[in-house]
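Have a look at the structure below, then the notes.
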Amino acid sequence: SQQGEEDPQALSIQEGENATMNCSYKTSINNLQWYRQNSGRGLVHLILIRSNEREKHSGRLRVTLDTSKKSSSLLITASRAADTASYFCATYDYKLSFGAGTTVTVRA
Amino acid sequence: KAGVTQTPRYLIKTRGQQVTLSCSPISGHRSVSWYQQTPGQGLQFLFEYFSETQRNKGNFPGRFSGRQFSNSRSEMNVSTLELGDSALYLCASSHDMAGGFTDTQYFGPGTRLTVL
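Following this line, the structure appears as structure tokens:
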């Protein structure tokens, strides 16, 4: 069973725009991780945020975590065509539990 | 460091057969986890191995099994294949942290299994 829900399910944006996706989860967590997957290939780890952190940055990525609302968001700034992929949040509590993912399409 | 490798990358089997998939973790990683990805169920945890022992297990039938060797390489086996076993099988490795928790999981490219 999936731990979380991602919103939106799909997102289409113009190159250079920002993309924001949200993730909600159900149980308490140790950490939350975001992954990217290109065309059914392996998952690429993007960023990990621990339960005692509220915000984290990595390059063009910004992740927030609100444990009181059991939600997280991923912001990709200045998007590029190469950012076209599916993005998954995953909560970790002895195993990764993934959401259904957000499919992002960046138009040139 | 080399990443997680999985072999084979693609596999076609028929119902009733069995299959073995292999995963080599990143050097120094002792935890190996397996996940199944299907369009209908998404990404689901199969099991995790650490130091040759299964440490955690997901909700999959006993037809799905695995093992880990002393060099941390892992294999998973699916017996009596069913059409519904068609999926992308992903292996992930990670460092082990205190308390049985692991840190960031690094995924391999996956094995695409098709059952006919």
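Line by line, the protein sequences are chains A and E.
At position 105 of the first sequence the residue is numbered 105 (the working numbering), and the sequence of numbers has no breaks.
At position 60 of the second sequence the residue is numbered 1060 (the working numbering), and the sequence of numbers has no breaks.
No residue lacks a Cβ here, since even glycine has one placed at the ideal position from N, Cα and C.
Find the residues of chain E that neighbour residue i, judging by a C-beta separation of less than 9 Å, and give them in chain order.
i, result
"His57 of chain A", "What His57 of chain A touches in chain E: nothing, since even the nearest Cβ is about 16 Å away."
"Leu11 of chain A", "By Cβ distance, chain E contributes nothing, its closest Cβ being about 18 Å from Leu11 of chain A, past 9 Å."
For residue i, which residues of its own chain have a beta-carbon under 7 Å away from its beta-carbon, when the five flanking residues on both sides are left out?
i, result
"Gly101 of chain A", "Glu6, Ser86, Tyr87, Phe88"
"Lys1001 of chain E", "Ile1026, Ser1027"
"Thr1005 of chain E", "Ser1024, Gly1108"
"Lys1057 of chain E", "Phe1047"
"Gly16 of chain A", "Ala78, Ser79"
"Val106 of chain A", "Ile13, Glu15, Ser79, Arg80, Ala81, Asp83, Thr84"
"Val1078 of chain E", "Gln1018, Val1019, Arg1063, Phe1064, Asp1085"
What residue range is occupied by the uninterrupted beta strand (DSSP E) comprising residue i?
i, result
"Asn1077 of chain E", "1074-1078"
"Ile13 of chain A", "10-14"
"Asp1085 of chain E", "First-last for Asp1085 of chain E: undefined, no H or E at that position."
"Arg62 of chain A", "61-66"
"Lys29 of chain A", "The sequence as given places Ile at residue 29 of chain A; Lys does not occur at that position. Run containing Ile29 of chain A: none; DSSP gives neither H nor E here."
"Tyr1010 of chain E", "1010-1013"
"Ile49 of chain A", "43-50"
"Ile1026 of chain E", "No beta strand (DSSP E) contains Ile1026 of chain E, which DSSP labels as neither H nor E."
"Thr91 of chain A", "85-92"
"Arg1112 of chain E", "1111-1115"
"His57 of chain A", "55-58"
What does residue i reach in chain E if we use C-beta pairs closer than 8 Å?
i, result
"Ala100 of chain A", "Gly1042"
What does residue i touch in chain E if you count any residue whose Cβ is under 7 Å from its own?
i, result
"Arg36 of chain A", "Neighbours of Arg36 of chain A on chain E: none; closest Cβ ~10 Å, over 7 Å."
"Arg41 of chain A", "Pro1109, Gly1110"
Within a Cβ cutoff of 6 Å, which residues of the same chain sit near residue i, ignoring the five residues on either side of it in sequence?
i, result
"Leu1088 of chain E", "Gln1037, Gly1110, Arg1112"
"Arg114 of chain A", "Given a span of 1 to 108 for chain A in the structure shown, any question on residue 114 of chain A remains unanswerable."
"Ser1093 of chain E", "Val1004, Pro1025, Ile1026, His1029, Val1032, Tyr1106"
"Asn38 of chain A", "Ala85"
"Phe1060 of chain E", "Leu1046"
"Glu55 of chain A", "Thr64"
Please list, in chain order, the chain A residues whose beta carbon lies closer than 8 Å to that of residue i.
i, result
"Glu1075 of chain E", "Under the 8 Å cutoff, chain A gives no residues; its nearest Cβ is about 18 Å from Glu1075 of chain E."
"Gly1058 of chain E", "Lys95"
"Thr1088 of chain E", "According to the sequence shown, residue 1088 of chain E is Leu rather than Thr. Within chain A, the residues near Leu1088 of chain E are Gly40."
"Gln1068 of chain E", "Correct list: empty, because the minimum Cβ distance to chain A is about 16 Å."
Could you check how far apart the C-beta atoms of residue i and residue j are, in whole angstroms? I think they sit under 8 Å.
i, j, result
"Ser1072 of chain E", "Val1019 of chain E", "Not a contact, Cβ separation roughly 21 Å."
"Glu1052 of chain E", "Ser1065 of chain E", "Wrong, their Cβ atoms sit about 14 Å apart, outside the cutoff."
"Leu11 of chain A", "Ser72 of chain A", "Not quite, the Cβ-Cβ distance comes to about 16 Å (not below 8 Å), so this is no contact."
"Gly1121 of chain E", "Thr1080 of chain E", "Residue 1121 of chain E lies beyond the range of chain E shown here (1001 to 1116); nothing can be said about it."
"Asn22 of chain A", "Ile76 of chain A", "Not confirmed; about 13 Å, so no contact."
"Leu48 of chain A", "Leu61 of chain A", "Not a contact, Cβ separation roughly 11 Å."
"Asp93 of chain A", "Asn30 of chain A", "6 Å"
"Leu1043 of chain E", "Phe98 of chain A", "4 Å"
Apart from the five residues just before and just after residue i, which ones in its own chain have a Cβ nearer than 8 Å to its Cβ?
i, result
"Thr1014 of chain E", "Leu1081, Val1115, Leu1116"
"Leu1011 of chain E", "Val1019, Leu1021, Thr1111, Arg1112, Leu1113, Thr1114"
Output, in chain order, the set of chain A residues within a Cβ distance shorter than 7 Å of residue i.
i, result
"Tyr1106 of chain E", "His45"
Counting only C-beta atoms, is residue i closer than 7 Å to chain D at any point?
i, result
"Glu17 of chain A", "Absent here is chain D; the protein component of the structure consists of chains A and E."
task: Can you give me, in chain order, the residues of the region 49-77 of chain A that have a beta carbon less than 7 Å from any beta carbon in chain E?
output: none
task: Using a Cβ-Cβ cut-off of less than 9 Å, give me the residues of the region 17-33 of chain A that come near chain E, in sequence order.
output: Asn30, Asn31, Gln33
message: Can you pull out the residues from the region 84-95 of chain A whose beta carbon lies closer than 9 Å to at least one beta carbon of chain E?
response: Phe88, Ala90, Tyr92, Asp93, Tyr94, Lys95
field: Under 7 Å (Cβ pairs) to chain A, residues found in the region 1043-1055 of chain E
entry: Leu1043, Phe1045, Glu1048
query: In the region 1015-1034 of chain E, which residues sit with their C-beta less than 8 Å from some C-beta in chain A, listed in chain order?
result: Ser1033
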